[in-house]
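Undergrad:
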Amino acid sequence: MAVQTVASTTRSAAADTVDLGPAAALSCRECGHRVPLGPVFACEECFGPLEIAYDFSAYDAEELLKRIEAGPANIWRYAPLLPVPADVATKPNINPGWTKLVQADNLARELGADPGKLFVKDDSGNPTHSFKDRVVAQAIEAARAFGFTTLSCSSTGNLAGAVGAAAARAGFRSCVFIPHDLEQGKVVMAAVYGGELVGIEGNYDDVNRFCSELIGDPAGEGWGFVNVNLRPYYAEGSKTLAYEICEQLGWRLPDQLVVPIASGSQLTKIDKGLQELIRLGLVEDRPYKIFGAQAEGCSPVSTAYKAGHDVVRPQKPDTIAKSLAIGNPADGPYVLDIARRTGGAVEDVDDGQIVDAIRLLARTEGIFAETAGGVTVGVARKLFESGALDPSLTTVVLNTGDGLKTLDAVAGTGMTATIRPSLESFREAGLG
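The working numbering puts the first residue of the sequence shown at 33, with every later residue one more than the last.
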């Protein structure tokens, strides 16, 4: 009961009159218990996670489709399906989304997929160069509705930068917490927006525990932690990846998706988004498979999947893919359910395979992925080789961040040659 009590103490009076569009309530994913909208993240009945429940009953599929397609070229085109007010597009926000879906024929040849069947959803094109801009954009709207004045988070790097940028744009104070040994590129990007950046001695799970304690302390009064007390709203931002992929494929479901796993929330919300599009009649209902991708040095979900377990045992992270280094993933059991229900799987790759995959994607498609993207491409390669991915089906692989944030992973990459400024030297180097 302590978790629920802590969350409830931060709720402002604004929660009683909150306008979050079609969001109707918070519903427990375990027991179905419902509570009013507010900055609450755990069920008071069973301590299960809460998520947004919607009222879409008034929507007509044809009219909704027209409304979406007439919307802005960002996630707010899907405002009718998100926990945001109708006028969200007029408010100061970093407006992420509508990133490229790249038909990756060169990569397909390397991986053994059929031409025209492999796509990379490249979310490095968001304002702070990662998919985290999507979830933070949602959280900002909930923070406004509930009267918070400070935006915060626990982060493995990308989220810290997204919170800093969104808070600066929206006029919030920000104070974010990260493991003390993050990649320098992510540290700089989180700090440059002028908010407070605090390193915690320990890994991400230590940082997250600290933030949960701070919520219950008077020092945390008025703070919206995007991935703790605002998590039900924050997590919905990942649904927009599903919406965009389907719209960019001509309003049809992909047959196969390969999604990286950190907490597991992104994968579960992509599945939720696909199911919503089916129920609303915006896409044809047909089978699809979702595959999860982890780094071998932090693969608790993959380990559980391969062992046939339903419980995910925590691990101590040891991988270059620090953005995925969550040893105790909150949504791990739900990822297992989705992989098994859809006929997918959860696989992992080691650090060497991650680096090889980063270079492969850059060399074939001109996309420089961070280590998390190396994980998804590396896992996709492994799944095509094993036959788990069907090369004849439409497959979407997610790249969730920019390689400029994780330069250390490919530090050995450099100049082909150094020559004198002469044709003779050019030819001597074997370049002519």
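All residues carry an ideal CB built from backbone N, CA and C; glycine is no exception. Just so we're clear, the structure is a prediction, and the values are computed from it rather than from any experiment.
#1: Nearest CA to the CA of Leu-133: which residue from Gly-148, Glu-142, Asn-125?
#2: Skipping 5 residues on each side, what residues in its chain have a beta carbon closer than 8 angstroms to that of Asp-434?
#3: Measuring straight from C-alpha to C-alpha, what distance separates Asn-190 and Ala-353?
#4: Determine, using beta-carbon pairs with one atom in the segment 332-342 and one in the segment 268-282, whether at least three such pairs fall under 8 angstroms.
#5: Given a threshold of 16 other Cβ atoms within 10 Å of its Cβ, counted over all protein chains shown, does Val-230 qualify as buried or as exposed?
#6: Express the C-alpha separation of Val-72 and Ala-47 in angstroms, rounding to a whole number.
#7: Residues in its own chain within less than 7 angstroms of Gly-282 by CB, not counting five upstream and five downstream?
#8: Is the number of C-beta pairs between the segment 389-397 and the segment 408-425 that are closer than 8 angstroms three or more?
#9: Assign Leu-485 to one of three DSSP states: helix, strand, or coil.
#10: Pro-332: buried (16+ other C-beta within 10 angstroms of its C-beta) or exposed?
#11: What did DSSP end up calling Trp-283 once you bin it into helix, strand or coil?
#12: Please classify Val-38 as buried or exposed, where buried requires at least 16 neighbouring CB atoms within 10 angstroms.
#13: Determine the closest residue to Leu-214 out of Gly-203, Ile-232, Arg-141, with distance taken between C-alpha atoms.
#14: Less than 8 angstroms between the beta carbons of Gln-298 and Val-378, yes or no?
#15: State buried or exposed for Gly-376, treating a residue as buried only when at least 16 other CB atoms are found within 10 Å of its CB.
#16: Please report the straight-line C-alpha distance between Arg-373 and Cys-243, rounded to a whole angstrom.
#17: Please state if the CB of Tyr-236 and the CB of Ala-111 are separated by a distance shorter than 8 angstroms.
#18: Leaving out five residues on either side along the sequence, give the residues of the same chain with a beta carbon under 7 angstroms from the beta carbon of Pro-128.
#19: Check this for me: beta carbons of Gly-364 and Lys-348, under 8 angstroms apart or not?
#20: Label Val-315 either buried or exposed according to how many other C-beta atoms from any shown protein chain fall within 10 Å of its C-beta, with 16 as the threshold for buried.
#21: Can you name, in chain order, every residue of its own chain whose Cβ lies under 7 angstroms from the Cβ of Ala-223, other than the five neighbours on each side?
#22: So what does Trp-255 bridge to, in DSSP terms?
TA: Working from what's here:
#1: Gly-148
#2: Ser-156, His-161, Ser-162, Phe-400, Ala-401, Glu-402
#3: 12 angstroms
#4: no
#5: exposed
#6: For Ala-47, the predicted structure reports a pLDDT of 45, less than 50, and the residue's modelled location is therefore unreliable. The matter cannot be settled from this model.
#7: none
#8: yes
#9: An answer regarding residue 485 cannot be provided, because it is not within the stretch 33 to 464 covered by the chain.
#10: buried
#11: coil
#12: Summary for Val-38: the model assigns pLDDT 34, below 50, so the residue's position carries little reliability; its value from the coordinates is reported in the next sentence. That one is buried.
#13: Ile-232
#14: no
#15: buried
#16: 33 angstroms
#17: no
#18: Asn-106, Ile-107, Asn-158, Pro-159, Asp-165, Arg-166, Ala-169
#19: no
#20: buried
#21: Leu-229
#22: Thr-182
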